[in-house]
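Enquirer: Can you keep this structure in mind? I'll have questions shortly.
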Amino acid sequence: MRFLIGVDYELFFGSPTGTPQRCMIEPTEALLGVLEKHGARLTVFVDTAYLVKIQQSRERQHRNAFDHIAKQLQTLVSRQHDVQLHVHPHWLDSNWHEGRWHIDTQRYRLHDFSPDALADMLQEQVACLRAITGIPPVAYRAGGWCLQPFAHLAGPLHAAGIRMDSTVYTGGSSVNPGREFDFTGALSDDFWRFDDDPLAPDEAGRFLELPISTVTVPPTFYWRMLLRRLRPSDAHRAFGDGRALSGSGAYYLRKLFSWESGVASIDGARASMLPRALAERRRLGGDVLNVMGHPKSLSRVSLKLLDDFLLAHGSTFDHHTMSSFLQFEGQAPSTNSKGASAMAG
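Counting in the numbering used here, the sequence shown runs from 428 upward without gaps.
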């Protein structure tokens with residue numbers, strides 16, 4: 428079983444946003460302590476819109492934050508981990524005022540920008556990452572999973588050097604206004620190639636899709652999370668010191684009263700479902716477990732659950748980053764045997 432962990436390295440987008448030290452730097456270092464003990468490798472999807480924003484800021488604390496983040500990213504690469512592209516474009520419209528960020532999410536999706544503006548934005552952000560690490564990013568994860576319609580993004584991403592996506596998760600969807608996506612038609616394969624639509628495999632496509640692995644989540648899981656909020660504990664408290672964007676009422680009701688296909692994740696209590704995610708992947712005949720998370724959402728409990736999971740299964744895994752996976756599987760229009768048969772049919 429090939430095993431990957433890719434985390435979205437970012438602040439919160441509610442009020443407050445939190446600090447880079449608590450949301451990004453400290454929890455990432457704690458996560459590395461767990462992963463490296465088991466020989467696992469981390470892919471960090473950096474919110475490059477935020478990175479460029481603070482690099483261009485005149486505020487001393489932002490320049491200091493940029494320097495600390497750049498140092499951590501350089502350290503990650505030197506320790507054989509991976510740094511890739513993640514974009515939350517609302518940072519272009521958000522502003523620092525009276526000691527805090529004022530977040531404007533009217534343009535939350537890359538689709539809210541013209542193709543020319545999008546191309547310029549991606550080129551600038553890729554150049555920023557490359558200047559820090561010395562290595563151009565080749566993989567992308569959409570902010571808020573807002574990947575569709577991909578045809579609007581395909582040309583600018585390809586021109587920026589992106590050859591791989593890891594956003595899709597089979598059966599996933601969102602009804603949050605302005606943050607909608609629908610992956611219910613996605614394959615359950617380990618990976619596949621595509622061109623203008625990540626849900627339409629194309630053996631000659633320009634991109635490799637490595638979907639995030641999924642796990643079946645019962646509504647009781649969310650009821651337990653709700654009850655835990657009434658009785659908070661330090662062990663379950665997230666490292667991050669900000670607040671998430673709120674969702675619509677329909678979004679929360681669906682979680683509380685319906686089974687869902689959720690992402691395999693190391694965030695908070697979701698890390699308890701890693702063994703189930705692995706079992707479900709094996710039942711499907713899969714050979715890849717691609718887990719995601721957010722440093723800001725990690726807790727002492729979630730790190731312990733990940734440690735226990737890797738202690739039980741890590742020695743049987745072939746550990747990868749996005750770059751190493753692309754190197755082995757992305758140079759030719761190939762899929763696993765299950766994907767090949769699905770596309771042939």
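Backbone N, C-alpha and C fix where the C-beta goes; we use that ideal spot for every residue, glycine too. No experiment lies behind these values; they were computed from the predicted model shown.
Going by CA-CA distance only, name the one from R633, L737, V642, E630 that's closest to S615.
Expert: The residue given as residue 615 occupies position 188 in the sequence shown. When each option's Cα is compared against that of S615, the closest is V642.
Enquirer: Whole angstroms are fine: how far does the CA of I481 sit from the CA of A554?
Expert: Locating residue 554 in the sequence shown gives position 127, where the first residue counts as 1. Locating residue 481 in the sequence shown gives position 54, where the first residue counts as 1. Using only the alpha carbons, I get a separation of about 15 angstroms.
Enquirer: Would S541 and W572 be called neighbours here (beta carbons separated by less than 9 angstroms)?
Expert: Here residue 541 corresponds to residue number 114 of the sequence shown, with the count starting at 1. Here residue 572 corresponds to residue number 145 of the sequence shown, with the count starting at 1. Result no, Cβ atoms of S541 and W572 do not sit closer than 9 angstroms.
Enquirer: What number of angstroms, rounded off, separates the C-alpha of V479 from the C-alpha of N491?
Expert: Here the question's residue 479 lines up with position 52 in the sequence shown. Here the question's residue 491 lines up with position 64 in the sequence shown. C-alpha separation (whole angstroms): 13 angstroms.
Enquirer: With DSSP collapsed to three states, give me the class of S692.
Expert: The sequence position of residue 692 within the sequence shown is 265, counting from 1. Three-state result, S692: strand.
Enquirer: My guess is that I432 and L469 are in contact by the Cβ rule of under 8 angstroms, so how many angstroms apart are they, rounded?
Expert: For the purposes of this step, residue 432 is taken as the residue at position 5 of the sequence shown. For the purposes of this step, residue 469 is taken as the residue at position 42 of the sequence shown. Contact flag correct, Cβ pair sits at about 6 angstroms.
Enquirer: Sorted by chain position, which residues of the same chain lie with C-beta nearer than 6 angstroms to R633's C-beta, five sequence neighbours on each side aside?
Expert: For the purposes of this step, residue 633 is taken as residue 206 along the sequence shown, with counting starting at 1. Result list for R633: H585, D622, in chain order.
Enquirer: Quickly, what does DSSP pair G720 with across the bridge? List them, please.
Expert: Residue numbering aside, residue 720 sits at position 293 when the sequence shown is read from its first letter. Note: G720 sits in a beta bridge opposite V434.
Enquirer: Throw me the rounded Cβ distance for the P625 and D592 pair, which I believe falls under 8 angstroms.
Expert: On the sequence shown, position 198 is the one that residue 625 refers to. On the sequence shown, position 165 is the one that residue 592 refers to. That pair is a contact at about 6 angstroms.
Enquirer: Hey, would you say M428 sits closer than 9 angstroms to L716, going by beta carbons?
Expert: Within the sequence shown, the letter at position 1 stands for residue 428. Within the sequence shown, the letter at position 289 stands for residue 716. Contact: yes.
Enquirer: Of all the alpha helix (DSSP H) runs that stay within the bounds of the segment 625 to 671, which reach a length of 4 or more residues?
Expert: Whole alpha helix (DSSP H) segments, 4+ residues: 646 to 657.
Enquirer: Do D435 and F472 have their C-beta atoms closer together than 9 angstroms?
Expert: Position 8 of the sequence shown, counted from the first residue, corresponds to residue 435. Position 45 of the sequence shown, counted from the first residue, corresponds to residue 472. Their beta carbons are under 9 angstroms apart, which means D435 touches F472 by this criterion.
Enquirer: With D668 and T455 assumed to form a contact (beta carbons below 8 angstroms), what rounded beta-carbon distance in angstroms separates them?
Expert: Position 241 of the sequence shown, counted from the start, is the residue given in the question as residue 668. Position 28 of the sequence shown, counted from the start, is the residue given in the question as residue 455. Not a contact, Cβ separation roughly 15 angstroms.
Enquirer: T470 bridges to which residues according to DSSP?
Expert: As a working mapping, residue 470 is identified with position 43 in the sequence shown. Answer is G433, D509, bridged to T470.
Enquirer: Check the DSSP bridge columns for F621 and list the partner residues they point to.
Expert: Looking up residue 621 in the sequence shown gives position 194. For F621, which the question treats as bridged, DSSP gives the partners P628, F634.
Enquirer: By the three-class DSSP mapping on this structure, what secondary structure does A759 have?
Expert: Sequence index remark: in the sequence shown, residue 759 carries index 332 (1-based). Caution is warranted here: a pLDDT of 41 is assigned to A759, below 50, making its placement in the model unreliable, and the coordinate value is therefore given only provisionally. A759: coil per DSSP, three-state reduction.
Enquirer: Determine whether the beta carbon atoms of A691 and M652 lie at a separation below 9 angstroms.
Expert: Here the question's residue 691 lines up with position 264 in the sequence shown. Here the question's residue 652 lines up with position 225 in the sequence shown. Taking 9 angstroms as the Cβ cut-off, A691 and M652 do not qualify as a contacting pair.
Enquirer: Label T743 either buried or exposed according to how many other C-beta atoms from any shown protein chain fall within 10 Å of its C-beta, with 16 as the threshold for buried.
Expert: Along the sequence shown, read from residue 1 onward, the residue named residue 743 stands at position 316. T743 is exposed by the Cβ-count criterion.
Enquirer: Can you tell me where the alpha helix (DSSP H) with R557 in it begins and where it stops?
Expert: Start at 1 with the first residue of the sequence shown, and residue 557 comes out as number 130. It spans 542 to 560 - the alpha helix (DSSP H) in which R557 sits, taken as one unbroken run.
Enquirer: Span of the alpha helix (DSSP H) holding A578?
Expert: Counting from 1 along the sequence shown, the entry for residue 578 is found at position 151. Here the alpha helix (DSSP H) through A578 covers 578 to 586.
Enquirer: Which residue comes first and which comes last in the alpha helix (DSSP H) that contains R709?
Expert: Within the sequence shown, numbered from 1, the residue matching residue 709 stands at position 282. Where R709 is concerned, the enclosing alpha helix (DSSP H) stretches over 701 to 710.
Enquirer: Consult DSSP for V728 and reduce its assignment to one of helix, strand or coil.
Expert: Here residue 728 corresponds to residue number 301 of the sequence shown, with the count starting at 1. Residue state, collapsed to three classes: helix.
Enquirer: Indicate the three-state DSSP secondary structure (helix, strand or coil) for F493 in the structure shown.
Expert: In the sequence shown, the residue the question calls residue 493 occupies position 66. Note: F493 maps to helix in three-state DSSP.
Enquirer: Where does the unbroken alpha helix (DSSP H) through A476 begin, and where does it stop?
Expert: Translated into positions along the sequence shown, residue 476 becomes position 49. Element bounds for A476: 475 to 482.
Enquirer: Can you have a look at G712 and say buried or exposed, based on whether 16 or more other CB atoms are within 10 angstroms of its CB?
Expert: Taking the sequence shown and counting its residues from 1, one reaches residue 712 at position 285. With fewer than 16 Cβ atoms within 10 Å of its Cβ, G712 is classed as exposed.
Enquirer: Hey, quick one: how far does the alpha helix (DSSP H) through A457 stretch, first residue to last?
Expert: Indexing the sequence shown from 1 puts residue 457 at position 30. 453 to 464 is the span of the alpha helix (DSSP H), which, as asked, contains A457.
Enquirer: By the three-class DSSP mapping on this structure, what secondary structure does V504 have?
Expert: The sequence position of residue 504 within the sequence shown is 77, counting from 1. V504 falls in the helix class under three-state DSSP.
Enquirer: Does F752 come out as helix, strand or coil in the three-state DSSP assignment?
Expert: Locating residue 752 in the sequence shown gives position 325, counting from the first residue. Residue state, collapsed to three classes: helix.
Enquirer: By alpha-carbon positions, which one of T475, W523, A558 ends up nearest to S484?
Expert: Position 57 of the sequence shown, counted from the start, is the residue given in the question as residue 484. Nearest option by C-alpha distance: W523.
Enquirer: Would H529 be called buried (16 or more neighbouring beta carbons within 10 Å of its own) or exposed?
Expert: To locate residue 529, count along the sequence shown from 1; it is residue 102. Exposed, since its Cβ has fewer than 16 Cβ neighbours within 10 Å.
Enquirer: With DSSP collapsed to three states, give me the class of S601.
Expert: Start at 1 with the first residue of the sequence shown, and residue 601 comes out as number 174. Looking at S601 - three-state DSSP - the assignment turns out to be strand.
Enquirer: What is the DSSP secondary structure of R527, reduced to helix, strand or coil?
Expert: As a position in the sequence shown, residue 527 is number 100, starting the count at 1. Three-state DSSP puts R527 in a strand.
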